[in-house]
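These notes are about the structure you will find just below.
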């Protein structure tokens, strides 16, 4: 029997017509019709590494959390410590189930102590919204035990994904392109900080110095009805800088070179932040949070598997699900793999038994039943910012 998602037509972002005009190759990505590429993945990848690329990532999800309990609630929800960030600052963090597995990885934007935005993965919007609201109920039940005057306004969560578009301008030229069309000098925004009410044409936007490519860049949140106007203005401003529209194909190769996690491949509810290279996002010294007990127990016992980077030393391309072996013994599996346009070699991420997670370990990737030689290497494979 088909599941409900199979019966639903794929959704279109507000920029779908722009992609069609640019002759993009469109595919169904987790229920969204999204551009994979316009010219070629390699050309778009190289444009971001050398000049600039523009991505439509409006399929991502945005939740607003506000009220007097917002800060304490979010700190209960996620593994990182949001009390450590200031207004107009953002933070990367997983949120976990009680057993320590990762529900999703997200960016927390702090507008003020009582007002936040959570940006979640497109494939997880409904799941995450249900999860956050289930934790909200438990949280409020606990708070009511010692606070009599609690009202509905003290913790409000809204899913504004359908009203919000997200455009990502990435690459070294982005800091020259975007200030041409904004009413404030956005080049002064620091990494993992943001500015509000930035005017681009008729749109009032939130502009953050963030991205998913390993390059400098900006992510621009704006009302969906103005997405076309802003997209066109950025493309026009970027012409002299060699800007290219970029699809999800280049986004994936760029993020993989930078060893940025892809939910559903590299992390999921069966993996923990301590097994992935996300230990730095887990603040076990803060007050109780969902999954803390399990993660503390795992830290003390030691993890049995770790996510590592590897590069092939023989011809081949690793793909998600391929077996990893050493000395004719299965030691793990590939989570992400590609041919790196920047490094000119095949690279991948995968989980291996902890003793095999040492940098420089010789391993094999089983490709079409044939062992192909590889070795574990330091990640990220590529780093600029």
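Residue numbers (the numbering used here): 1 to 385. Glycine included, each C-beta is placed from N, C-alpha and C at the ideal position.
Which listed residue (the options) has its alpha carbon closest to that of residue i
| i | options | result |
| --- | --- | --- |
| residue 220 | 211, 166, 293 and 67 | 166 |
| residue 212 | 297, 57, 290 and 76 | 57 |
| residue 298 | 313, 309 and 271 | 271 |
| residue 88 | 328, 318 and 198 | 198 |
| residue 186 | 158, 360 and 216 | 216 |
| residue 232 | 12, 11, 22 and 9 | 22 |
| residue 59 | 160, 333, 338 and 191 | 160 |
| residue 208 | 325, 258, 261 and 92 | 92 |
| residue 351 | 330, 369, 339 and 344 | 330 |
| residue 117 | 148, 73 and 152 | 73 |
| residue 142 | 353, 126 and 288 | 288 |
| residue 111 | 82, 278 and 16 | 82 |
| residue 252 | 153, 127, 90 and 339 | 339 |
| residue 415 | 30, 368 and 303 | It is not possible to answer for residue 415, since the shown part of the chain is limited to 1 through 385. |
| residue 85 | 171, 71 and 290 | 71 |
| residue 201 | 218, 310 and 225 | 225 |
| residue 278 | 106, 247 and 184 | 106 |
| residue 79 | 361, 324 and 95 | 95 |
| residue 436 | 314, 222, 368 and 218 | No information on residue 436 is available, as it lies outside the stretch 1 to 385 that the chain covers here. |
Under 8 angstroms between C-beta atoms of residue i and residue j
| i | j | result |
| --- | --- | --- |
| residue 227 | residue 181 | no |
| residue 275 | residue 239 | no |
| residue 52 | residue 157 | no |
| residue 26 | residue 14 | no |
| residue 265 | residue 336 | yes |
| residue 109 | residue 194 | yes |
| residue 380 | residue 259 | yes |
| residue 387 | residue 130 | The first residue shown for the chain is 1 and the last is 385, placing residue 387 beyond what the model contains. |
| residue 333 | residue 124 | no |
| residue 98 | residue 234 | no |
| residue 362 | residue 326 | yes |
| residue 391 | residue 48 | Residue 391 lies beyond the residue range present for the chain, which begins at 1 and ends at 385; the question has no answer from this structure. |
| residue 154 | residue 68 | yes |
Residue i versus residue j: straight-line alpha-carbon distance, rounded
| i | j | result |
| --- | --- | --- |
| residue 144 | residue 38 | 53 angstroms |
| residue 268 | residue 342 | 28 angstroms |
| residue 374 | residue 120 | 33 angstroms |
| residue 366 | residue 376 | 15 angstroms |
| residue 163 | residue 64 | 12 angstroms |
| residue 359 | residue 284 | 26 angstroms |
| residue 173 | residue 383 | 17 angstroms |
| residue 11 | residue 33 | 6 angstroms |
| residue 169 | residue 355 | 40 angstroms |
| residue 257 | residue 317 | 14 angstroms |
| residue 4 | residue 191 | Summary for residue 4: the model assigns pLDDT 43, below 50, so the residue's position carries little reliability, and this model does not support an answer. |
| residue 244 | residue 175 | 15 angstroms |
| residue 349 | residue 28 | 24 angstroms |
| residue 122 | residue 308 | 25 angstroms |
| residue 133 | residue 113 | 20 angstroms |
| residue 44 | residue 76 | 40 angstroms |
| residue 18 | residue 31 | 19 angstroms |
| residue 135 | residue 241 | 46 angstroms |
| residue 210 | residue 126 | 24 angstroms |
| residue 353 | residue 301 | 15 angstroms |
| residue 1 | residue 9 | In this predicted model, residue 1 has a pLDDT of only 34, less than 50, meaning its place in the structure is not dependable; the value taken from the coordinates is given anyway. Roughly 17 angstroms separates the two Cα atoms. |
| residue 188 | residue 179 | 10 angstroms |
| residue 313 | residue 370 | 14 angstroms |
N- and C-terminal bounds of the beta strand (DSSP E) containing residue i
| i | result |
| --- | --- |
| residue 71 | Note, residue 71: premise wrong, no beta strand (DSSP E); alpha helix (DSSP H) at 70-77. |
| residue 255 | Counting along the chain, residue 255 falls outside any beta strand (DSSP E), though it belongs to the alpha helix (DSSP H) covering 248-257. |
| residue 339 | 329-340 |
| residue 386 | Because the chain spans 1 through 385 in this model, residue 386 falls outside it and cannot be assessed. |
| residue 174 | Element bounds for residue 174: not the beta strand (DSSP E) but the alpha helix (DSSP H), 174-177. |
| residue 222 | 217-223 |
| residue 270 | Looking at the DSSP string, residue 270 is not in any beta strand (DSSP E), and its letter there is neither H nor E. |
| residue 8 | Element bounds for residue 8: n/a, residue is neither H nor E. |
| residue 374 | 370-377 |
The ligand NAP heavy atom lying under 7 angstroms from the CB of residue i
| i | result |
| --- | --- |
| residue 132 | Among the components of this structure there are no ligands whatsoever, and the ligand NAP is therefore not found. |
N-terminal and C-terminal residue of the alpha helix (DSSP H) that residue i is part of
| i | result |
| --- | --- |
| residue 122 | Note, residue 122: premise wrong, no alpha helix (DSSP H); not H, not E. |
| residue 357 | That residue, residue 357, is in no alpha helix (DSSP H); it is neither H nor E in DSSP. |
| residue 235 | 227-238 |
*alpha helix (DSSP H) segments (min. 4 residues) lying fully within the region 12-46*: 16-21
*Unbroken stretches of the beta strand (DSSP E), 3 residues or longer, contained in the region 275-322*: 305-312
*Report the residue ranges of all alpha helix (DSSP H) runs contained in full by the region 134-220; include only those spanning at least 4 residues, in chain order.*
174-177
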